[in-house]
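Trainee: I'd like to ask some things about the structure below.
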Amino acid sequence: MSEISRDEVAHLAMLSRLALSEEELKLFAEQIDDIVDAVSAVQKVDTEGVEPMSHPHSISTAMRDDIVVPTLTAEQALDQAPAVEDGRFMVPQILGEE
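One point on numbering: in UniProt numbering, the residue at position 88 of the sequence shown is 88, and numbering is uninterrupted.
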């Protein structure tokens with residue numbers, strides 16, 4: 001048992017700028033303690049010879065070759081724009097800035 005204390009939870013809450021009631025501090029201390037115990041139990045499992053995986057099933061993903069292809073020039077990208085200024089798209093003002 002890891003014994004996460006109420007004071008440790010209060011310290012973490014203060015660092016996170018969370019206002020927790022006394023009941024919440026006690027509840028979270030118990031819950032964090034349970035989580036730490038569960039992780040500790042998993043860490044005790046013998047994994048000798050087990051290959052690390054990102055998915056429980058062996059899957060292969062089809063990846064395309066990373067090939068550089070031609071893209072639009074700035075003029076081509078802007079030629080259908082409703083409004084252009086200084087080589088950039090013009091959009092309506094939304095923040096009240098000038």
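We put the beta carbon where it would ideally sit given N, CA and C, even for glycine.
Note that this is a predicted model, so its numbers are computed, not measured.
Rounded to whole angstroms, what's the CA-CA distance from Pro-82 to Asp-33? Just pull it up for me.
Mentor: Reading the sequence shown from its first residue, position 82 is the one you call residue 82. Reading the sequence shown from its first residue, position 33 is the one you call residue 33. If I take the Cα positions, the gap works out to 59 Å.
Trainee: If distances are taken between C-alpha atoms only, which option among Ile-35, Leu-78, Arg-17, Leu-95 comes closest to Arg-88?
Mentor: If you number the sequence shown from 1, residue 88 lands on position 88. For Arg-88, the nearest C-alpha among the options comes from Leu-78.
Trainee: Which residue or residues does DSSP assign as beta-bridge partners of Glu-8?
Mentor: As a first step, residue 8 must be located in the sequence shown, where it is residue number 8. For Glu-8, which the question treats as bridged, DSSP gives no partner whatsoever.
Trainee: Just verifying my parser: in three-state terms, what is the DSSP assignment at Glu-22?
Mentor: Reading the sequence shown from its first residue, position 22 is the one you call residue 22. Glu-22 falls in the helix class under three-state DSSP.
Trainee: In the DSSP assignment, what are the bridge partners of Phe-89?
Mentor: Taking the sequence shown and counting its residues from 1, one reaches residue 89 at position 89. Looking at the DSSP assignment, Phe-89 forms a beta bridge with Val-84.
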